[in-house]
Structure formats: structure tokens, C-alpha cells
Amino acid sequence: MRVFRHFRLHEEDGAAAAVYSVSLNPDGSLLATCGGDKLVRLWSTQLFKSNDDEPAKHLVQSLSKHVKVVTCCAWSSNGSWLASGSDDTQVLLWTNTGASWTRQATLRGHTMDVLDVAWGDDDKVLASCSIDNTVLIWDVSTKSMTMTPKTTLRGHKNWVKGVAWDPTGRFLASAGEDRRVLVWRRDKNASSEFRVEADIRAPFEDVTAQTFFQRLSWAPDGRSLGVPNARKALQATACVLARGKWESVADLVGHRHPVTVVRFSPVLFHGEDDEDQPRSVVAIGGQDATVSVWTSARAKPLVVFRDCFGGAVSDLAWSRNGSLLCASSHDGSTCTFEFDVERDLGKRLSSSDARAHLDAAFAVEGGSNGLSLPNPAEITQQKKEPPKKKRIAPAPVAAPRVNVLKAKKKRIQPTPVGAPMAAAASPPVSPPRPRPVAAAPAVAAAPPKKLFGGGKKTDAFAAAMAAAEERDEDNGDADQLKASLDKYRKKLKKASAEDAAKYEAKIAKYEKKLEALDEAKKRKAADADKDVDTDAALAAQGGLLGGDDAWRDDSNDHHGRGPRVEATFEACLANAVRANDGQALSSKARRKLEKDYASRKRAAEAYAAKEQASLEGAQFACSQSAIDENDAAWLNALDVKIDSFTISAAGKTLFENSSLLIAHGRRYGIVGPNGRGKTTLLKMIASGDLRVPPRVQCLYVEQEVQADDTTAVDAVLKADVERTALMAEEVSLTKKLETLAGAAQAEATDRLRVVGEELKAIGASAADAKARRILFGLGFSPEMQVRATKLFSGGWRMRISLARALFMEPILLMLDEPTNHLDLNAVIWLDDYLQKYKHTILVVSHDQDFLNSVCDETLHISEQRTLDHYRGNYDTFKALERQKRNQQQKAWEKQEKQLKALKGKGGNSKKKAEELMKNSRSKREPKDKKKQQAIASGQASADVTTLIERPKEYAVEMEFPPVPRLAPPVLQVIDAQFRYAPQLPLIFTDMNFGIDQDSRICVVGNNGSGKTTLLNLLTGKLQCTDGDVKRNPKLRIGVYNQHFVERLPMDESPVDYLRRLFEDETYQSIRNMLGRYGLQGHAHTIAMRDLSGGQKARVVLCELSLAAPHMLLLDEPTNNLDIETIDALCDAINGYDGGVICVTHDARLIEATNMRLWVVEDRMVVEWGEPFDAYRDHLLEKLEKAMNDAESRVTAAGVSVDMGGNRCGEGPTMI
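Count along the sequence shown from 1, add 19, and you get the number used in my numbering.
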């Protein structure tokens, strides 16, 4: 036995493309393959005998008429025709014209992807199946250029993934994703040529995972049908069905994951005894990348080839003489197994005996429809094999066949062509040939009975099934053990008294086994962490950065934008030398590098200048009504009152003659669509462009803290400049006292006493406890609080910046989307903290629940570019705003009626009617009111005679286009583990789950627990340390995360950017889509650096929709979006027919889309089986307990701190 492995038989864009199907022509001279590069390729079978590792030299021809992925191919029985099916919905027939293979016919009838084809009835009939749920029968004897189907078989309720004719052409079997196998009887004389003979469901009822293909096969004697993807006793199997009764007579158990393909050898073999029925040989392949070969005489496989590939087995093909078995895989490679048939498989039946056996089985006279099985001597022989190695004598006791690749988890390496199979495995073992029973010594065990093919289930098979039922005892799969445990618990409820004890014993045993597995996992994790660098691990905790090998797991991290360049040319040169394997650059290369560095540095400086100009408000203009700076009331005020102000940005007016009133001690929420100026208003107040009373100390949380050696807690404490200065002065005076004397010492002592009194007055001793309390509430563990800020990622430094603001307690605290950088735990804590804040809060947030809890006043940016004031939280505002809009609609309708009447009276034009309306309204307007409005707006004269505009409701429409269904599991994680570096701890261990297009999953957990890392593993951005993540080869994943600003070119407009990516879209279609997604018209054509965060988010969402992905991975998608857009996003997700995996802290998004919760904690991903409200209550309980523990520690230190972080018994800190 020899094994040949070949890579990259198909390529696409320089990478290996999946091989979806293989087929060997009858004379054994050509191998047909097809795959993801849209080609059918024909190879000389000398490929299996040459010592040349370059397969391209043996390529005979590439057939390139398909326009999409080619999924299947099959030779006719005489080898003159080749059929291929594709995702382009067509089946093509190819024939050899002498000089080359050319397309002879195109078969059109399917409406969706074709998954399998099968020849029958002396090559006059072809069957094909598709994901359009149909099987089509083609009469190919006409040989016309374009054919339509002769018959359409409709019986499956879901995708049909495999078809196979029986050897006589009387039966056609089809397997579908609806967990059914249909057997169609063909009767040429009946009015309906095909009818359903059998609808087989029992072997597939427990199937939970679907496969890409379900390729089935008939035994050469026609007695049995082999079907993949069955399930028996919680094990993946291929089942063998007996013709006639259509019941399962055998289950080929042993594969770890679902079976994808079953192929019988076309050769029949003599039985163990001369009187026995002939034996069949069958090969099966599965998603576990394993191929096994079985015989109907044994209950165990002859040989198992483990881990042949890096992906699932997609197809198998036997040569006509049964000496070659070729397998293909989704990983882009093929593996061919060459058998010494007589030694490895047994003695073949002659062609005449095989035909006679077939005719007897079907009671056919003359065998006209019999299987054509030529004598091996009649087959075109390949070149002489190399000398066989000396056989190892078989053991005296009957045993299962040797597993050629028995080495655990060992991948097959590319075996040099011509080398024996033993060279690929360790230790080298040649498998013993099947031994005739007569040759067995007297001590040998009784010969095994037939597994299938002889009618009834035998004792050997019954024993095999009993062994499968008891296999849980040695099972190491926790999920399967849990399933067995549930099964026996159900049986216990219905069991009789005498059986109850048996089930109770089994339940106790399985519970003990699960506990042992849990302990083993913990020991395994502990062993994996033995070599962990403790300092690096602490640095990595919670998304911290700890040197070059540290990991980032913070979706809120802000990396540098724009062109990146080294700080100095020396650093650039050092990088170039490292890239050159440490060798110095030549003078010419150095000069070229220097020019390139200078060019990149200029580009980076220009980009930085533009960004800085945008950040500093160079695009903005602001004006406000006059202020009397000598007014004592204004100087001492804690309220902010601006009678009139106007703000414009990038040529657009955001606020026009609007007023602003902020009362001290109130909590205001600013709401309005993206791009209306919410963030701009905060920036104008913080920068001083909008002047507020001097006593109103403003603090706007925008920039993350500086990354340096300062610890997190010290960074918060240093925000109190007065306390920091007094503390430094106290230390300095204490040192001076040691060296001073006389009057100088007395003066220093007096000053030291004054400093101490001032520190006591401001409560400096409690500041440290207060800072730690705030940091703890925002998610910083005690260990994280003493780490340097340079070790934190950007999102965590933003939390420190927020902690500084809360610690300072400014008179006016301005927060812009504060929940963007927080997990659910921290959002709950911040919600509670801000409700007890003693000064004024001005907050912009997209989180409706947060606004309802925190705010007692609402400021709405209206369409008239003014701030409308509403008393109450967000829900109250929505009710009042709806009422106001209805009143405006009625007023506008009344005005339109009056205009229509004026226009009809005396033949006035529309313009004249509007002027009459304005004059009439001006006369009724009180003069003192006109004067007040004129003063407030800063105009010399007031013009209040404006017509009422029709109110426009702000609406956003989003949708993700329909996508074709993919065979589940679309995305599968198998025994996955991950760590960022060997010296860092495991982030995940033993993950096993599957995701398909019906999945709606929300991943929740603390910041730094691994949520973003999990998404990166699913997309392939990160690779598993151990285990595997398998993706459907056709899968398109759309990713949205908080780094979208980095992905967008800042110098390009939204329209130009999207048209560059999607050339088929027109200028107007792009603008229409941007408008539906809520991006205002003026923003379509300006540079993206001038857009707000929410506007940029809409551009990325449009890009996602145009890309039409099968699955969406959304990392905090609600950040920077307004509330109306979040509602539209919820509607789009609910109407989307693809899968969604989301990381979010927005409770409304989770509940509105009915997502299942997956909790990331303790290095595992665990599904939360209860509603979101239960999870929120669970978090609140944990938070309350943690707060109580922290307060106990603080109290033990002698400091009393309330839940809000303020010192009990003292007033708020005044700055």
C-alpha cells in the first residue's frame, strides 16, 4: 500500500483553492478534479508514480467554461463523456474531439448551485441535484448543444446534496439536508416514469450537524446503499441500507465528525468461505479529515487514514479495478491510496461471476442492465509497481486492521512519490493482508461474520452496536456525556423498579466522569500556565499592553490613523536591516531607503496637520449674543444661559439663533440625528468658543490619558492639581526642615502647618480611596490600578480619563458617548454613580436605557437648527416630541388651506399668496415680542413673518441583501485553544461550537475577557494555538468594529469611496443608499475626515450591505449611532437571512433582535440559557457583592466612602 499527497492542484489568486470533487476515468489514465478556481482539470495518473513533486507537469488540460465554483464531476462508464456541475446552475458535458477535451453540451434547468451528478442507464441518462431542492433527469443520448431536463423530481424540502444510480439503473437515490434519503423507482412503461419507492428518515433523526456534501453510493451487487451523515448512539456514522426493506443493516461507526461521502469499490470480492456471499469494500470520508476503508465481512475497518487533510474530505473515487482510491479535500489537496488488491483487500470475483451475481440479485435475464465489471486483465494496466516490501507476519489472533496513521494528531506529510506507505507513518508498519479463515491457526478467535451485504444483521454487528452503546464509558467528549446523561435521566423517569437501579448507576457514573473531565481541564490549564511569565500575564490582564509579546483584546483601542513612519531614519534603517536577515544595506539601497523615508515622513506630517486642524475646530465658526462681563450675576452664576448662538461647520449651519439654558444640578441629555452637532456643541463649550460664567468649571472627556510610567490610580489623583501641588509642597517642606534653623525653620514650619490644614480641608487623605473606588467601578482590578498607563490599550486609557473627570467633580461634566468604552458591568456602575452626581451633567449618548436612568432633562436638536428643551427623560421626550410634531402638522395643514384660499381669491400666484399671509401674520404679532426676538437674535430688526414648514420625520432605513444558503455548519470551532504568546496564559481552552446562517448570537463578558479575540479567531485574523476553526469555503464574512475610522480614507468622500469598491453601482444609487442610511446629502461629497463618528459609521454599514456577506460579525455596532439608526439596525438584523455574531453592551439591541447570549469567562464560551433580564440581574448581584467587598476593605483602612465615591460627612470638593 502506498500513499501519494499532492497540493495546490487548483489555485486562485496565488493561494490553494478547495478541491470539491475527483473522478477516475474507466481505463485509469486520467484523473478529473474540480474546485474553487472555477476550473475542471484533467491529470495524467502518472502523477501517482512520478518522483516529481511538481504536479503541473502532469496536467493534461484545464476546462474553463464554468463561470463560478465547480462542485462536482463524474466520468461516464465508457469514459467518453465527463459531466461537471457548478454554482453557475449549469451542468456541462465534455468529450474528447481527438486533439483536446471540449464542451459538447450545456444542461440548463437548475435555478441554484448544482452539488452532484451521477451517470446511469448505459450513459444515456444523467441525474443532477441542487440546492433548489430538486433532482433533474437528463436524456443525454440526444447529444444536442443545449438540453432541458427530461424529468424534474420534487420530494425534498431542502437542499439535495447527493445522487446515485443503482447498478441496474432501476433505482435512483438522493440525499438532502432535510434529513431524508429518497429512493426513486424508475419504470419506463409507467405514465409517471419515476415514483418514490422509499422515504428513509430513521438513521438521520438525531443528526445535528449538516455537511457541505452528502455523496452516497450503491454496492456493486446492488444489494446495499451507503449513505453519509447518519448518527447512531451519539456517534457520527455512515449507514448501509438494504435494498427492498430499505432498513439500516450496518452503521460504520468511528469517525469523530460527520461523514460527508461514501463510495463503494466497483469490484466484488470472494467471501471468507467459498460458499459465502461475495464481499463489498467501501470507503468513507468525513469532516474529521479522515478516510476509512471497510469490508462487508468485518465489523471494524480494514484501514484508517487519520488526519489526511487540513479540512473536510469532499469526495472519493475508486479506479475501475479497485487498486486506486483518490480523495479530495476543502484544503486544496488530494490524497491517493494505492492498494495491492490481492494482498490488502482480497481475491476479486471475475467479471462474469460478478455479472451473474448481479443478475441473480435483481432477477434480470441476460444482464442487459447489469453492471459492467470487466476482468482486471481487461483493464489497461499501469506501469509495473516497485518491488513489494517484505510482509509482516499476521498475529495469530484475529484483530482489527492496522491503522496506517495511528500516530495521534499526526498530519500526513507529502510522501515522496514511489515511497512505501510505511515511510509516512511512525513506527513504519505494513498492514497485514486480510487472512483467509482457513489459514488461521487453531488458537485464533472465531472468524468475524459479515457486517452487511448478506441480509440480516449478524451477531458481530449486534456486538458492534452494543459496544457503541457502551462507548460513553471511555468517551472524553463532555457534550456527548451530557447528552447521554440527559437520555438516561429521561429513561429513569419511565423505568420500572428493577431498571431504575441500573439507570441510577449509569447516571452516577456519568456524573463522576464529567467531574473528572472538569478536573482534567483545570489541570490541563494549570499545566499550560506553568511557564507563564507572571509580569507579562499581569500586563496582559484586561487588554493591557506588556511589551512586544503582549496581547490586545480591547475593541475600543484607538490605533494611530493615517500614514505611519518611524520616529527617526536610524529606526527605519534598523528595521530594514532586520528585514534583510541582519545584513547591511548597500549604498544604493540605503539612498533609496532614505528618499522613501523622507517622502513618507512628509506625507505623515501633512496628514497630521490636516487631522489637527479638524480636531481643533478649524472647520468651525461660532458666535453668540453679547455678554456683560461686569455683570455680578453673570460672574457668580452656576447656571449657563446663552440667549442666542450660531455654530457652523464645513460650510453647513448646525445651530442658528438657538438658545441654551443649563440649570445647575440638573442632568441633561442631548439627542438628535448624527451630524446635527451634538459633539460640536460640547467642544465649543469646552474650548471657550461658547462663553459660560467663570465659576462654571467645565470638563469635557475626550482624550485618553497620556501613556507613560504613571500608574492608573496616580493618573486619576494628579487630575486634582491643587491637591497634587500641596502634596508636593508638603514633601518639599518636610525635607527642608531637616536642614533649616532659626527663623527660616520657623517660617517653614508655619507654612507646613498651613499646607496641612488646606490638605485636610479638601479631604486629601480620602482622595486615594475615592480614586480607587471609581477605578474599581469602571472595571479596574486592584492589580490593574497600580500598572503604568503605558501598559494599557487606548480603550482602557479612555476609562482612566473618565475616572479623572468623575474624581474631579467639575461644575459642568460633559460626557460624549461615555458607554462606548465600557462593558455591561461598568455601564451599570456608571449609571448608578451619575444618578448621585451633585453638579450638572451634559451627556450625549445613543443608549436609551442609560438616558432614561441618568437624565432628568432633554435637549433636542430640531430641524430648525435650534435646541428644544423638554422636561423629563428620553421616554418622556419622545412622547412630548410626538405630540409637538402632530400639532405642527395640523398648523401646517391649516396654513396650506389658507394659502390655497388666498391663491384662488383674485387669481393670486403662490408667491403673492405667501406674501399676503406673512403681512397678515405680522400685523397680529405683538410689537414687544418682535423686539425681544430681534434683541435675542442680534438683528437690527426682527423678521418673524416666516411661514410654517411641514414637519419632517427623521427616518432611517437599513437592510442587508438576501444571500444564498450555505451548507451548515457554516463556521465550526473544534477543540480550539488560544494564547498570544508562549509566556502568556491561555485566553481560551477547549472551545467547541458551530454557527450557521440562522444563528443570532451576542457575545458578552468583561472587557479583556476575550470577546474581540474570539471574533478575530472566527474571521481568521488570529490562528488557534491548538484545535481548528473550519469555515465553509464559500463563506463571506462582513466585519464591523470600532476601528472603522482607520479603514476609511480620510481624503476621500463617501460616494467616491463606495464607487471605487463597488464599480457596478452608479453615482445616484450610492447617494440614494447613503440617504436611506441617514447620511445627509451635504455629507455625501465632503472628505470623510470632516464627518462625525456616526456619519462614518453609516458609510461602513453601507459598505457591509453592498458586500452581501453570509455572516455579520459586529463589534459594538451601536457606538456613535443615534437612537433612530439603532432601531433601523435592529430591523435590518431581524430581516437578514444570514448569521449574526455581535459584541455589544446595548440591552435594547440584544432584546430587539432576540439574540442568544454567549458568556466569555474562565477561558470558555458558555451559552446563557435564560433571557437577558436574568443575565442583567446576575450582573447586578455580582456588582453589588464586589462593591460590598471593596467597601469593607476601604472601611477597614479607616476611611468611609459612600457608593458614589464621595467622603461621608463632607461636602463636595470645590475646585
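We treat Cβ as the ideally placed atom computed from N, Cα and C, and that holds for glycine.
Check, Outcome
"Can you give, in chain order, each stretch of the alpha helix (DSSP H) that sits fully within the stretch 1135 to 1187 and has at least 4 residues?", "1142 to 1153, 1166 to 1171"
"How is Gln643 classed by DSSP in three states: helix, strand or coil?", "strand"
"Just list the beta strand (DSSP E) runs in the stretch 814 to 876, keeping only unbroken ones of 3 residues or longer that don't cross its boundaries, in chain order.", "831 to 835, 859 to 863"
"Does DSSP put Gln229 in a helix, in a strand, or in coil?", "coil"
"Starting from Ile967, follow the beta strand (DSSP E) in both directions and report where the run begins and ends.", "Premise fails: Ile967 is in no beta strand (DSSP E) and is neither H nor E."
"Using the three-state DSSP reduction, which class does Ala37 fall into: helix, strand or coil?", "coil"
"Pop quiz: Ser96 and Asp132 are said to be a contact at Cβ under 8 Å. What is the actual Cβ separation, rounded to whole angstroms?", "26 Å between Cβ atoms; not a contact."
"Can you have a look at His1197 and say buried or exposed, based on whether 16 or more other CB atoms are within 10 angstroms of its CB?", "exposed"
"In chain order, what residues of the same chain lie with their CB nearer than 8 Å to the CB of Arg742, ignoring the 5 residues before and after it?", "Leu736, Leu778, Ile781, Ala783, Ala786"
"Less than 8 Å between the beta carbons of Trp157 and Lys176, yes or no?", "no"
"Do Leu101 and Ala146 have their CB atoms nearer than 8 Å?", "no"
"What three-state label does DSSP hand Gln908 in the structure shown?", "helix"
"Please state whether DSSP places Asp206 in a helix, a strand or coil.", "coil"
"How would you label Val992, buried or exposed, when you count the other beta carbons within 10 angstroms and need 16 or more for buried?", "buried"
"With respect to the alpha helix (DSSP H) encompassing Phe588, which residues constitute its N-terminal and C-terminal limits?", "588 to 598"
"Would you please state the rounded distance, in angstroms, between the beta carbons of Leu1093 and His1103? I believe it to be under 8 Å.", "5 Å"
"Measure the C-alpha to C-alpha separation of Val690 and Glu675 and round it to an integer number of angstroms.", "17 Å"
"Just verifying my parser: in three-state terms, what is the DSSP assignment at Ser1236?", "Here the chain comprises residues numbered 20 to 1234, so residue 1236 is not present and cannot be evaluated."
"Would you mind giving the Cβ-Cβ distance between Ser103 and Cys53, rounded to the nearest angstrom? I have them listed as a contact below 8 Å.", "6 Å"
"If I follow the unbroken alpha helix (DSSP H) through Cys717, where does it start and stop?", "That residue, Cys717, is in no alpha helix (DSSP H); its beta strand (DSSP E) goes 717 to 720."
"Just confirm the distance between the C-beta atoms of Ala221 and Ser267, as a whole number of angstroms; I'd bet it's less than 8 Å.", "7 Å"
"Give me, in chain order, the residues of the same chain whose beta-carbon lies closer than 7 Å to that of Met1174; leave out the 5 immediate sequence neighbours on both sides.", "Arg1019, Ile1020, Cys1021, Cys1161"
"Check whether the stretch 1146 to 1160 touches the stretch 1168 to 1185, counting contact only when three or more Cβ pairs, one atom from each stretch, lie closer than 8 Å.", "yes"
"Determine the direct distance from the alpha carbon of Ala682 to that of Glu648, and round the result to whole angstroms.", "20 Å"
"Taking the alpha-carbon positions, what's the Ala37 to Thr1008 distance?", "29 Å"
"Count the C-beta pairs between the stretch 230 to 243 and the stretch 179 to 187 that are closer than 8 Å, then say yes if the count reaches three, no if not.", "yes"
"So, at 7 Å on beta carbons, what are the nonlocal neighbours of Asp106 in its own chain, with the 5 sequence-adjacent residues on each side left out?", "Lys87, Val88, Thr90, Asp132"
"Measure the CB-CB distance between Leu58 and Ser83 and report whether it falls below 8 Å.", "yes"
"Is Tyr1076 helix, strand or coil by DSSP?", "helix"
"Expressed to the nearest angstrom, what Euclidean distance is found between the alpha-carbon atoms of Asn844 and Arg823?", "19 Å"
"Suppose you measure from the CA of Gly761 to the CA of Ser751; what does that come to, to the nearest Å?", "18 Å"
"On the three-state DSSP scale, how would you describe Ile526?", "helix"
"For Phe190, report the span of its beta strand (DSSP E) as first-last.", "190 to 195"
"Looking at the strands, I want to know which residues DSSP matches up with Gln917.", "DSSP output for Gln917 lists no bridge partner at all."
"Is Thr699 near Leu673, with beta carbons less than 8 Å apart?", "yes"
"Which residues bound the alpha helix (DSSP H) around Phe997?", "Phe997 -> not in any alpha helix (DSSP H); beta strand (DSSP E) instead, spanning 990 to 997."
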